Structures are given as C-alpha cells and as structure tokens.
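Notes follow once the structure below has been shown.
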Amino acid sequence: MNRLHPLSAVTYALQYGFLWLSLAMVLTVVLGGVFDPIGSTWFLVAAPLGFVAGVAYGIAYYYRFEYGITPDTFDVSSGVVARRSREIPYERIQNVDVRQGVLQRLLGLAIVSLETAGGGTTEATLNFVSESEARRLQDRIRQRTAEMKERRRRREREAASEVEPSEPSEPTPDDERDAAEPVPGDETDTVEPSVPEPTPANESEPVAPEDRRERPPEPTRPRRQRLFDLEARELLLYSFTSFRPAAVATVLVVFFFATDLILELLVTIAQPFGGPEGIGEGTTASYGILTIVSAINGIIITYVLSVAYTFGTYYDFQLGRTGEDFVYERGLLQRYSGSIPVEKVQSVTVTANPLQRLIGYAGLWVETAGYGPDSNGGSQSAVPLAKQGRVHRFTENLTGVETPSFASPPPMARRRYLARYSIIATVIVAIFFGLSWITPFEAWYVSAIVFLAVPPAAHLKYVNLGYYVGEDHLVIRRGFWSRRTTVIPYYRIQTVNTRRSIFQRRLGLASLVVDTASSRTFFWTTPTIYDVDLEDARDVHTTGRKRLQSALRERARDDEMGLSVDFT
Amino acid sequence: MEALHPRIRLLWIAQAAITAIVLGVVLAAVDQWVVDVPTAIIAGVVAVGIVLGSAYAIRLYQVWRFEIQPDALYLERGVVTFVETAVPFVRVQHVDTQFGPIERALGLSSVVVYTAGSRNADVRIPGLTPDRARELQDTLRELAVESEADDAV
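Protein chains in written order, with the numbering used here: chain A, 3 to 570; chain B, 23 to 175.
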C-alpha cells in the first residue's frame, strides 16, 4: 500500500487545524451563552487546543490513508476512527482524471480521481500525489484494465470455440434475424441444441499459467499517439464563438457581493450618454439610458469573461490514444488530464451553435456513464472545435456511421411550435400588462412585438429537428441555439420510450426518448426524436429494440469494439 | 397485456386525498397567520383536489398496462402524457419489490426494475399482489440473467 505525497500531510494538518480551531471557537461562544462559568478567557485555551488537535487529526489522516494497486482491484483505505476500505474493480473504472491547480503545478503535485458508473460522486480521490506518481497510476490502471479485458475476452473466445463446431459455419442474415426473435416454439432454431457443455478437462484448464503469461514485463509505458491538437486559430474561434453559463453566474455573484460599488460604476459609465447624476435623481429618460447602457455593459463583461474562461479551460488541448483509451490534456492555469476507455463511450455528439455554424465549424463530444471533472456530467470534449467537414469525418470514422440523410418531423409539428411559442408570447404580453398596473410604465402593448418572433422561432426549431435510422446507429439532431447531433449505436440503448402528451395525441404525433447510460446532465437532455408521426415513432421504437438484440449478439460473436480509436 | 390490481385505485385516491388535505391544512395556516382565506374556499380546494385526484386515479388505472414480451418488459401508462416504455431484459441491472405503508394496508406491492440509463432509470410497476410481485421479480431476474450482455457500462 502507498501513502499520499508527504506535502498532503501538511495540507491536511492545516485544513483540519483551522477547521477544529473554528469549531472550538464556535463551541465556546455557544456554551458560554448557556453556562455562565465559561467566559471569553476560555478562548485562549480552546483555540490553540482545537488547532493542535486538528493538526494531529490531519497528520493521523495522512498516515491512515493508503492506496494500492492489486491485480484485480484498486484499493483505498482511509479514516482515522471509522475505517473504510474500498476495492474498485478495474473493469468498473470509467475514467481516471488528473487535476492540477496553479499552486499544485508549482509544487509538482496532482489530484487523481477515479470515476465509476454507479453513484453520484467520484469513487476515490487521491489528494495529492506527485506528478510522476499520478502519471504512473494513470498508466498502470489503464494497463490493468486492458489486461482484465484481454483475459475476459480470451476466456469468452475459448468458451465460444467449444460451441463453434455444432453451429452452421457462417449464419446468413436471415438466420440471424430468426435468432434475434426467440419466438417460443420456433422449430427452426439452430442455436438451441448447441448449449455449451464444458468438459471437465477444459474447465480445469488452469488459469494460473495463463495469468503468468498475461503479466507484462513490468513498467512498459504504453506508447501515446496524437489524435488531435487544438490549434491556436481553433482555440481562439472556440473561445469567441462559445458561451459559458458559468460566466453569468460569476457576474451575478460579483454583483451580489459588491452591489453598491458596481451600481456607482454603472452610473458613472452611463453619465456621458445622458444617464442620471446619481441613483434617485434622474428623469424617466435618463433612467432608460442607464438601463440600456448597463445592460450593454453587463453583456460585454459576461462575454469577455466567458471568452477568457473558455480560453483558459481549453488552452493547449490535446487528445491522444494509449492502447484502447482516449487521453486528453488541457488547461492554462489549472491543468486537467484524463483518460476515457473507448469501450465505455456510450454515444457521440456533434455540437454547433449558430455562430459556429455560420463560420462552418463544429465540436465533437463523447459521452460516458461516469462523472467528469466539468459540470457537464460524463460528457467529454474530444474535439472542442474544428472545421465541420473534419468533425463529420471524425464522427464517421469513430462510430462507423454512414453519412446520415435526416428525416424531418411532419409539418404538423411546426404548427405545434407556432402554438407553443404564441402561448409564451401571450404570457410575456400579459406580464407587461400586469406591470403597467403597478408601475408608471404604460405602453404595455409595445411588448406585442414579441409575436413577430414567433413564426421564425417555430420555423428554426422545426428545421433543426431531424433523425436518421441507420444500419447500426440512430442519429438524432435537435436544437437551434446549441444544435446537437447525437449518434447512438443500437447496442448502447438502455430503454426506449414513446411519449405522447394530450396535445400530441390530438395531432397524431409522438416523441421517442432513447435512453443510454450517459450520465444525467443538467443542460443536455436525453436524446429525443420530437414530434414525429405516431406510426414512425412506433417503427423506430421497434427497430431500436430489434437492432439492440441483434447488435448485442453480433458484438458477442465478433468481439469488436464498435468504435475505432484512430478516428482522426 | 396485464392490468394492475383494481385496489391500486384506492391507493392513488388515498394519496390524492392526503395531498388535498395537506393543501387544506396549509391554506388554514395561511388563513390563521397571513391573510384571511374564507373557509368555503378551503373546503372547495380540498373537495376539488379529491375529485380531480380520484378521476385521475381511475383514468390512470384504466390506461396502465404491462406485458412481458420476448425481449423486453413493455409498459404503457400516463394520463396527461401517455408513455410506452420498453425495458430490454439485457439492460436490467436489478429488480426490487417494495411496498409503502398504505400499499401494505391494501395488500399491494410494487416491482421496481433498475437500468443503467439516465432517465427513467428505474421503472416501477405498482399495484401488484405480493405473490404476483414476487413471481414477476423472479421472472424478470431469470430473464435478465439469461440474456446477460457483457458490455459493461
């Protein structure tokens, strides 16, 4: 078992020291209020005592935190008083992430976190190990996972080869379809009689020598291949064309904490344009100018922040492969690096917002079932931004999907959006009407202008919808502001749902929700084919189900990855 | 297609009634401490809540159907939004039987099927007799084991 980097003892000691110090202070204040004999002089004793105890606890925590690599699992045991030991099977590990903040980079430290599919949190966090140890762990875990996979595959192949002889040489597509529908009482079922009967000789074919064979000559560092580097031009384009909600949050938080200062600043900036002298001493017109100027200011600042944030996050983005894993690295101040086993990729999504579409660029994301370092769940950017043609080629190489020819929902759907957006517009007008009653603002009817936006909005929503039922994949496109085209291999489907609201039922429409094991995300909804004819929805529903079964069968037989790692 | 046990209507009506009564209590509290709310309105809200809830429960019972198909568990349900769900057996992670206090009083039980999906990750079939629930759980478990796929998530 290994310990963390000695410097983490210092940080744990300080962390717990200050935590317990503040606890001791709060406790004396609270108890002092209850019991008279406890006075303020107790502070002088309690505070250092708490600090010392905290430091001791922090150091004990460091000494009681151990991790290790065993042949089958990654083990972590921790806890000073209550012990917890956790064993994570390599096969369950989704990705291994390495994170480095500015200070940690200076000190040569890194935080390693392991993600698995289950649970809502990171499975294990090593806070901190040295940079080289982080890299070693990442490599070793990847290597072990690959070994496990290889071993399992070999075992399956052996099991399969025992069955083979009694099976017809190469099943024709027709046979396959029959096999895909296990109809009870189907007499032509050829697979049935060939139930594998493992002979004792084969069964006991020892695992041990195989094990020895499997073990590689110790630290062979897997070779790393470049797949994609984000060039300076692409990075700049990406920064300027994408928008991060985090920027809005930052601006709001700053505004909340320095409201007065910022208000003053806004008033000063608005003055040359005819804004009021100060708050509470202007006319209606000057207030209007102040509002408009401040709004423009706010938008510019948020945008600049968003650009800076994207730039910092995706600076020097590199995607590579090691064995059958994607590995990526990025970040200006805080450096992230992570690995995604190709086997764990659930679906692939091409994104492009209107600006990016205008300049002919797009991004490529892969979704896994784990939790990534970003707020976007298990979505990882594989190619942040590149020319549209390139991204499409990447997607086709990666998934093997044919160039999709999208089908549109029936025009009836557009009518639905027209009605929906009209309702929203009506609500907006109603709100303005209500405002005119309680504020001096009277021209509420001006807000009826929003109705002008309804037809184009409905049209844009409609034209961006599309779906394609491919040979091995389902492709779903939706969204105007952030258009996402998701490629779902049939073998990744978890459940299929056909949904019909009362409005859809009246129009004979339905939406098909295709669920995969990608993480639940806040911004990205489950891939859905919206508002197609009920009949089409049912067709896709059945097709999806059928192809899931045949694809799984095929995968088990051919033992293929489904995705090709060298996609660039 | 199999329907749920008719007693499930009682459960849903009871749930609606409880919700309506809680709403009534909240309104009474508002009446007491914030603004006057006429007693007639409180009574009306509770009554309307119970009536709507009952109608919803009866309609939901009418549309709820499920079936074990060759490759998947298939369900149909929903009053406002009608949903047809297929849960392929290969995707079943585990199967639970559960019952709450009211369900237990009514002699009912639910089967919950878990998948690794993100939305609708757990599919619940309510309103089964305990025997039927156990039987269904066993069937589903067997089918899930039989059709196990090794593409781990």
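Backbone N, C-alpha and C fix where the C-beta goes; we use that ideal spot for every residue, glycine too.
As the structure is a prediction and not an experimental result, all values here were calculated from the model.
- Inside the stretch 258-330 of chain A, DSSP marks whole alpha helix (DSSP H) runs of 4 or more residues at positions 261-272 and 286-316, from first to last along the chain.
- Here A/Ser10 carries a helix assignment [DSSP, helix/strand/coil].
- Taking every protein chain shown into account, the CB of B/Val56 has fewer than 16 other CB atoms within 10 angstroms, so this residue is exposed.
- Its chain contains Glu68, Tyr69, Gly70, Asp77 and Ser79 as the residues whose beta carbon lies nearer than 8 Å to that of A/Met3, once the 5 sequence neighbours on both sides are disregarded; these appear in chain order.
- When the beta-carbon positions are compared, A/Tyr469 and A/Val534 come within less than 9 Å of each other.
- In terms of beta-carbon proximity, B/Val145 lines the interface with chain A, with at least one pair separated by less than 9 Å.
- CA-CA distance, A/Arg144 to A/Thr75, rounds to 12 Å.
- As DSSP reads the structure, B/Ile30 sits in no beta bridge.
- At least 9 Å separates the beta-carbon of A/Val350 from that of A/Ala364.
- Going by beta carbons, A/Arg156 and A/Asn355 fall outside the 9 Å limit.
- At least 9 Å separates the CB of A/Lys463 from every CB of chain B.
- Following the DSSP letters along the chain, one finds A/Arg246 in no beta strand (DSSP E), marked with neither H nor E.
- In the displayed model, B/Asp53 falls within a helix according to three-state DSSP.
- DSSP places B/Asp58 outside both helix and strand once states are collapsed to three, so it counts as coil.
- According to the DSSP assignment, A/Arg417 belongs to the alpha helix (DSSP H) that extends over Met414 to Ile440.
- Chain-order list of chain B residues neighbouring A/His7: empty, with the shortest C-beta distance near 32 Å, by a criterion of under 8 Å.
- With respect to A/Glu133, A/Ile90 sits apart: the two C-beta atoms are not nearer than 9 Å.
- With a threshold of 16 other beta carbon atoms within 10 Å, A/Val448 falls short and is exposed.
- Counting along the chain, B/Asp153 sits inside the alpha helix (DSSP H) bounded by residues Pro152 to Glu168.
- Boundaries of the alpha helix (DSSP H) around A/Lys548: Leu536 to Asp560.
- A distance below 7 Å between beta-carbons, with the five flanking residues on each side excluded, links A/Leu265 to the following residues of its chain, in chain order: Ile281.
- Counting only the Cα atoms, A/Thr497 lies some 8 Å from B/Arg113.
- With fewer than 16 other Cβ atoms from the protein chains shown falling within 10 Å of its own Cβ, B/Glu168 counts as exposed.
- Between A/Ala415 and A/Leu511, the CB-CB gap stays under 9 Å.
- Bounds of the alpha helix (DSSP H) holding A/Phe505 are Ile504 to Leu509.
- A/Thr518 and A/Gln348 do touch by the CB rule: their CB atoms are close to 5 Å apart, below 8 Å.
- In the three-state scheme derived from DSSP, where H, G and I count as helix and E and B as strand, A/Ile495 is classed as coil.
- In summary, the residues of the stretch 99-130 of chain B whose CB is separated from some CB of chain A by less than 7 Å are Val102, Thr103, Phe104, Val105, Glu106, Thr107, Ala108, Val109, Pro110, Val112 and Arg113, in the order they occur in the chain.
- Here B/Val44 is exposed. Its C-beta has fewer than 16 other C-beta atoms within 10 Å.
- Boundaries of the alpha helix (DSSP H) around A/Val465: Val456 to Val465.
- In this structure the stretch 91-109 of chain A lies against the stretch 321-340 of chain A, because at least three pairs of beta carbons, one per stretch, are closer than 8 Å.
- Using a Cβ-Cβ cut-off of 9 Å, A/Asp517 counts as an interface residue toward chain B, since at least one Cβ of chain B sits closer than that to its own.
- Taking a Cβ-Cβ threshold of 7 Å, the residues of chain B close to A/Gln496 are Arg113, Thr137, Ala138 and Gly139, in chain order.
- For a cut-off of 8 Å, the C-beta gap from A/Gln96 to A/Ala371 is around 6 Å, short enough to register as a contact.
- With distances taken between CA atoms, A/Val567 lies nearest to A/Arg323 out of A/Asn499, A/Arg323 and A/Val32.
- When the alpha-carbon of A/Thr428 is set against those of A/Ala251, A/Pro274 and A/Trp446, the nearest one is in A/Trp446.
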